[in-house]
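First comes the structure, then the notes that go with it.
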Amino acid sequence: MTMTTTVPLPAGWPTTEERARAVQDELRLRVVLDEPGPPPGTGHVTGVDVAYDDERDLVVAAAVVLDAASLHVVAEATAAGRVPFPYVPGLLAFREIPAVLAALDALPVPPGLVVCDGYGVAHPRRFGLASHLGVLTGLPTIGVAKNPFTFTYEEPGTRRGAASPLLAGVEEVGRALRTRDAVKPVFVSVGHRTSLDTACAHTLALTPEYRLPETTRRADALCRRALKEATA
DNA sequence: GCGACAG
DNA sequence: ATCTTGTCGC
569 MTMTTTVPLP
579 AGWPTTEERA
589 RAVQDELRLR
599 VVLDEPGPPP
609 GTGHVTGVDV
619 AYDDERDLVV
629 AAAVVLDAAS
639 LHVVAEATAA
649 GRVPFPYVPG
659 LLAFREIPAV
669 LAALDALPVP
679 PGLVVCDGYG
689 VAHPRRFGLA
699 SHLGVLTGLP
709 TIGVAKNPFT
719 FTYEEPGTRR
729 GAASPLLAGV
739 EEVGRALRTR
749 DAVKPVFVSV
759 GHRTSLDTAC
769 AHTLALTPEY
779 RLPETTRRAD
789 ALCRRALKEA
799 TA
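Residue numbers (the working numbering): 569 to 800.
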């Protein structure tokens, strides 16, 4: 059974793009990049995702906890509220995080590593959704995105497991990682308290069958379902 | 100035 | 993100 809670807007949540960028420039200093992160296949791995109904100004987030070894669902929670920020490239976190925080708070078990649908340090100011969520919660986080955003990369080898650097100019901000033979890669970046190697290892452990991590797939399905039930 | 741009 | 049917393939 899934419990849906109501989203409280964190105190001081920015309303303007200018303020939001200032918040990123301040919080980015707290990102921890010198920890390896939890080893793949142990403990919990949690996927978070968000669905919208802009017509009704409604946002629903889902958090799904998996046992990292079996990939079985251990717990799940959802949270619904008003959309707190418009979609602006580079400021996605301000639109998604309040609902995600509420869903994580509603979980009955520790989340372990949190897998986000989007980017971590692969970001214009090196502070994407996954890093922001990590700093706010203290949890280890990674970002697994479906698109290369503004970054560049060389096509990785055709086999699952092949990878190539995701580049912001000459700086490596993440990795294009093939999770399925001959299928478009995903774009992995560190969020908080995790290394890039660990992030990629987790991503491969979570993709035994599909291109996207099992965590993301489960969270995506849950928030869409909860949005329909909230709309109905 | 123009275009591109995680979800 | 979201709007949306059928269809090709394992």
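Here a beta-carbon is modelled for each residue, glycine too, at the ideal position from N, C-alpha and C. As the structure is a prediction and not an experimental result, all values here were calculated from the model.
How is the alpha helix (DSSP H) around residue i delimited, first residue to last?
i, result
"residue 701", "697–705"
"residue 594", "585–595"
"residue 662", "661–673"
Can you tell which of the options has its C-alpha closest to the C-alpha of residue i?
i, options, result
"residue 717", "779, 656, 637", "656"
"residue 607", "622, 765, 724", "765"
"residue 788", "616, 652, 575", "616"
"residue 600", "762, 799, 785", "762"
"residue 780", "724, 686, 620, 725", "686"
"residue 589", "691, 724, 619, 575", "691"
Looking at residue j and residue i, is the spacing between their C-beta atoms short of 8 Å?
i, j, result
"residue 639", "residue 782", "yes"
"residue 773", "residue 756", "no"
"residue 631", "residue 675", "yes"
"residue 748", "residue 729", "no"
"residue 791", "residue 645", "no"
"residue 754", "residue 713", "yes"
"residue 648", "residue 574", "yes"
"residue 711", "residue 725", "no"
Considering only residues of the same chain and omitting the five flanking positions on each side of residue i, which have a CB-CB separation below 6 Å?
i, result
"residue 592", "693, 695"
"residue 530", "Because the chain spans 569 through 800 in this model, residue 530 falls outside it and cannot be assessed."
"residue 650", "625"
"residue 619", "628, 791, 792, 795"
State the start and end residues of the unbroken beta strand (DSSP E) segment that holds residue i.
i, result
"residue 788", "Where residue 788 is concerned, there is no enclosing beta strand (DSSP E), although the alpha helix (DSSP H) it sits in stretches over 782–799."
"residue 773", "Per DSSP, residue 773 belongs to no beta strand (DSSP E); it is in the alpha helix (DSSP H), 764–773."
"residue 599", "Per DSSP, residue 599 belongs to no beta strand (DSSP E) and is neither H nor E."
"residue 736", "731–736"
Kindly list the residues whose CB is nearer than 8 Å to the CB of residue i, restricted to its own chain and excluding five residues on each side of it in sequence; keep chain order.
i, result
"residue 612", "633, 634, 635, 636, 642, 677, 678, 679, 680, 681"
"residue 701", "616, 661, 665, 668, 669, 682, 684, 707, 709, 759, 760"
"residue 785", "615, 778"
"residue 751", "779"
Grab me the residues of residue i's own chain with a C-beta within less than 7 Å of its C-beta, minus the 5 sequence neighbours each way, in chain order.
i, result
"residue 582", "588, 591, 662"
*How do the segment 648–663 and the segment 705–712 stand: do at least 3 beta-carbon pairs fall below 8 Å, yes or no?*
no
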